[in-house]
Every structure is written in structure tokens, then in C-alpha cells.
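Numbered according to the working numbering, the sequence shown spans residues 11 to 336. One structure is given here, and the rest of the page talks about it.
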Amino acid sequence: MILKRFPVEYQMDSQDCGPASLKIIAKYFGRYYSLQYLRDRCGITNQGVSLLDLSTGAESIGLRTLAIKCTIEEVVANVPFPAILFWNENHFIVIYHADKRHVWVSDPSKGRIKYTHEEFRCGWYPKGENKGVLLAVEPTVDFQRSREQKEMEKNSFISILRYFIPYRRSFVTIFIVMLFVTLLQGMLPFISKAVIDVGIKTSDLNFINMVLIGNISILLSITVFNVVRDWILLHITSRVNIALISDYLIKLMKLPVTFFENKLLGDILQRARDHERIRSFIMNNSLSLIFSMLTFVVFGIILLVYNAIIFYIFLRIDFQHISRFT
């Protein structure tokens with residue numbers, strides 16, 4: 011289970027792999043730090059950080075470190091996990107498990123990855139050598155989650171949420187529209203049942219025509235509701251995007267020149283694109299989740315009305331499927 015639940019933290023900029031790896035380690039041991047805080051602790055430059063910088067930053071937050079050079083066999087036998095590796099001579103990743111055949115790592119640029127020993131040697135060992143560089147870490151008694159870090163985590167969430175609070179009435183309207191769409195979709199199985207059980211069985215063409223007209227009306231209503239929902243989403247999305255980018259540019263202009271000396275142009279542009287990812291996650295993924303839950307509830311009730319045994323079988327299969335990804 012630890013192989014699936016080990017923390018993953020992605021680097022924001024191309025030179026952030028060191029602080030991001032340190033953030034993964036801290037999160038594993040139960041402490042949260044922002045990436046900017048760890049950048050400052052490690053003394054990051056536009057060239058990134060060295061292993062010494064990373065060790066200094068780790069010790070400043072209460073971790074004990076030891077840089078060693080070893081083989082993969084020595085890692086499997088003796089090294090405590092997790093640890094930080096120097097990968098491909100230009101990148102830092104976190105190794106969190108290894109056995110006699112495979113190695114599991116948390117890569118700030120790619121996420122969780124499993125390597126064979128041969129693949130791992132190719133990435134970890136420098137060219138012409140048979141050992142790789144590793145930074146072993148372990149928490150000390152000073153390693154405790156501070157109140158300031160808790161407030162930082164809370165405030166970072168509120169700072170994003172405040173862009174959407176002015177449109178709470180629009181979100182309520184969207185929820186109502188999605189509820190109506192789900193209920194209308196839930197009527198379709200009953201209409202199909204009526205056509206077969208009543209119309210076709212009794213050869214009543216008038217009844218069949220009436221039901222088909224009702225079916226077409228429901229489909230048109232669903233289409234209209236979806237158009238209304240998409241229009242409201244477009245309105246909210248446009249305004250939130252403008253607010254996010256405007257605030258980002260204002261903050262960017264207030265930063266000192268030293269900030270730009272330690273950043274690449276591509277990293278600054280990528281940060282601007284990340285606002286779109288944040289907006290997309292909140293607007294699209296969250297609403298899709300709500301709609302899926304509404305659909306699950308409505309059609310689950312319909313299935314329960316038709317046949318309770320099939321409903322329980324469906325629930326069991328569904329929960330087994332979900333448990334495979336948790």
C-alpha cells in the first residue's frame with residue numbers, strides 16, 4: 011500500500027527538482043512546507059541546487075543527512091528509505107522502496123515510477139562508474155510541524171478559493187441545472203419501459219407516439235440545460251482567468267530584480283500557464299465529480315427500484331473497482 015500512497019510533489023520550475031524532492035521527504039514524515047520556503051532554505055539559483063545545498067536545506071528544517079556513494083545492492087540491503095538520489099547527473103529524485111528486482115522512485119518531474127535494476131543503474135550511475143550518489147535523510151527531534159506551516163497551507167487554499175467566492179450564486183445555479191439534467195436522464199429508462207410494456211404489448215400506436223414525443227421533449231430539455239450550464243461556466247471561467255493573470259502580473263512586477271536573475275524565462279511563462287491548470291481543475295474536474303455523484307445516486311435508486319439484488323451486485327463490483335485505485 012505504501013507504494014501507491016507515497017507522496018508525490020511536482021516541481022514548478024526546471025531547477026526545482028531539489029527543493030521538490032525535499033518537500034516529498036518532509037511530507038512523508040508528516041510536515042508540510044511550501045516550495046518557495048524550501049527554495050530559500052536551499053539557496054536556489056538559476057542553475058538549481060547542489061547536493062551540499064540540498065543537505066544544508068534539509069538540516070535547516072530538522073532532518074539529519076548523510077551523502078554516500080554506493081551500489082544498488084547496498085541500497086537494497088542497508089539504506090533507510092526514503093532517500094534522495096542524484097539522477098542522470100542533472101536531476102534529483104526520491105527513492106522510497108527497493109527489492110531484488112525493482113526500485114520505486116518519486117520523481118518531481120514524472121511522479122511515481124518503478125524501474126528494473128538495470129534501468130535504475132543506467133539512470134543513477136555516472137558514466138564510467140559503478141556507484142551512484144545518494145543523500146540519506148532521517149528526522150531529528152526538532153522535526154515538528156509548526157503552526158506557521160499550517161497557516162501557510164490554509165492560506166494558500168483560501169487565496170485560490172477567493173477568486174470563486176463572488177460567483178457562488180452562479181455555482182448554485184449550475185448545481186440546480188445539473189440536478190435537473192440528472193433527473194431528466196433518470197426518466198428515460200421508465201419511458202423505454204412504458205413503450206415496451208404498454209405500447210408494444212397492447213399495440214397502442216397513440217400511446218407510443220405520445221411517449222416518443224415526451225422522450226424528444228426530455229432530450230431537448232437536457233440539451234437546453236446543458237447550453238445554459240456551459241454559458242454560465244464560460245462567463246465564470248473568463249472572469250476568473252482575467253483575475254488570476256492580472257494578480258499574477260501585478261505580483262510579478264513588485265518582485266526584486268534578484269528574483270528574475272534566479273529564474274529562466276520559460277519558468278515564468280510556465281507559472282502563468284499553471285493558472286489555467288488550477289482553474290481547469292476547480293471548474294472542470296470538480297463539476298464533473300459532482301455530476302458523476304448525482305448520476306450515481308439517481309441511477310442507483312432506479313436500479314434499486316427495479317431489482318435490489320442487481321443493485322447490491324453493482325455496488326460490490328463498483329467498490330472493488332474503486333479500492334484498486336486507492
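Cβ coordinates follow ideal geometry from the N, Cα and C atoms, glycine included.
For this session: Please name the residue in 47, 297, 305, 223 whose C-alpha comes closest to that of residue 9.
Result: In the structure displayed, the chain extends from 11 to 336; residue 9 sits before or after that span and is not available.
Exercise. So what does DSSP say about residue 144, is it helix, strand or coil?
Worked result: Within the sequence shown, numbered from 1, the residue matching residue 144 stands at position 134. Here residue 144 sits in strand by DSSP.
Problem set entry | the segment 82-102 touching the segment 114-127, judged by at least three CB pairs closer than 8 Å | yes
Exercise. With a cut-off of 8 Å, do at least 3 Cβ pairs link the segment 249-267 to the segment 183-199?
Worked result: no
Problem set entry | CA-to-CA distance, residue 130 to residue 92, given in whole angstroms | The residue labelled residue 92 in the question sits at position 82 within the sequence shown. The residue labelled residue 130 in the question sits at position 120 within the sequence shown. Taking the straight line joining both Cα atoms gives about 16 Å.
Exercise. Just how far apart, CA to CA, sit residue 281 and residue 247?
Worked result: Along the sequence shown, read from residue 1 onward, the residue named residue 281 stands at position 271. Along the sequence shown, read from residue 1 onward, the residue named residue 247 stands at position 237. Those two C-alpha atoms are separated by around 18 Å.
Exercise. Could you give the residue range of the alpha helix (DSSP H) that holds residue 66?
Worked result: For the purposes of this step, residue 66 is taken as the residue at position 56 of the sequence shown. 61-70 is the extent of the alpha helix (DSSP H) around residue 66.
Exercise. Which class does residue 85 belong to by DSSP, given the choice of helix, strand or coil?
Worked result: Here residue 85 is taken as the residue at index 75 of the sequence shown, counted from 1. Helix, per DSSP.
Problem set entry | Buried/exposed call for residue 65, threshold 16 Cβ in 10 Å | Taking the sequence shown and counting its residues from 1, the one referred to as residue 65 is at position 55. The residue is buried, with at least 16 neighbouring Cβ atoms inside 10 Å.
Exercise. How long is the line joining the alpha carbons of residue 209 and residue 198, rounded to whole angstroms?
Worked result: The residue you call residue 209 lines up with position 199 of the sequence shown. The residue you call residue 198 lines up with position 188 of the sequence shown. About 15 Å.
Exercise. Going straight from the alpha carbon of residue 155 to that of residue 20, what length do you get?
Worked result: Within the sequence shown, numbered from 1, the residue matching residue 155 stands at position 145. Within the sequence shown, numbered from 1, the residue matching residue 20 stands at position 10. Only weak support exists for where residue 155 lies, its pLDDT of 49 falling under 50; the coordinates are left without a value.
Problem set entry | Alpha carbon of residue 245 to alpha carbon of residue 182, nearest angstrom | Along the sequence shown, one-based indexing puts residue 245 at 235. Along the sequence shown, one-based indexing puts residue 182 at 172. Each residue's Cα considered, the two are about 14 Å apart.
Problem set entry | Of the listed residues 179, 89, 313, 153, nearest to residue 200 (C-alpha basis) | To locate residue 200, count along the sequence shown from 1; it is residue 190. Closest by alpha carbon: 313.
Exercise. When you compare only the Cα positions, how much space is there between residue 3 and residue 222?
Worked result: Because the chain spans 11 through 336 in this model, residue 3 falls outside it and cannot be assessed.
Problem set entry | Residue interval of the beta strand (DSSP E) (run including residue 124) | By 1-based counting over the sequence shown, the position of residue 124 is 114. Its beta strand (DSSP E) spans residues 121-126.
Problem set entry | Stretch pair the segment 141-150 + the segment 70-86: three plus CB contacts closer than 8 Å | yes
Exercise. How far does the beta strand (DSSP E) with residue 205 in it reach, from first residue to last?
Worked result: Counting from 1 along the sequence shown, the entry for residue 205 is found at position 195. Run containing residue 205: none; DSSP gives neither H nor E here.
Exercise. Do you know how far the Cα of residue 331 is from the Cα of residue 147?
Worked result: As a working mapping, residue 147 is identified with position 137 in the sequence shown. As a working mapping, residue 331 is identified with position 321 in the sequence shown. Their Cα atoms are separated by approximately 36 Å.
Exercise. What's the call for residue 29, buried or exposed, on a 16-neighbour Cβ count within 10 Å?
Worked result: As a working mapping, residue 29 is identified with position 19 in the sequence shown. Answer is buried; the Cβ neighbour count reaches 16.
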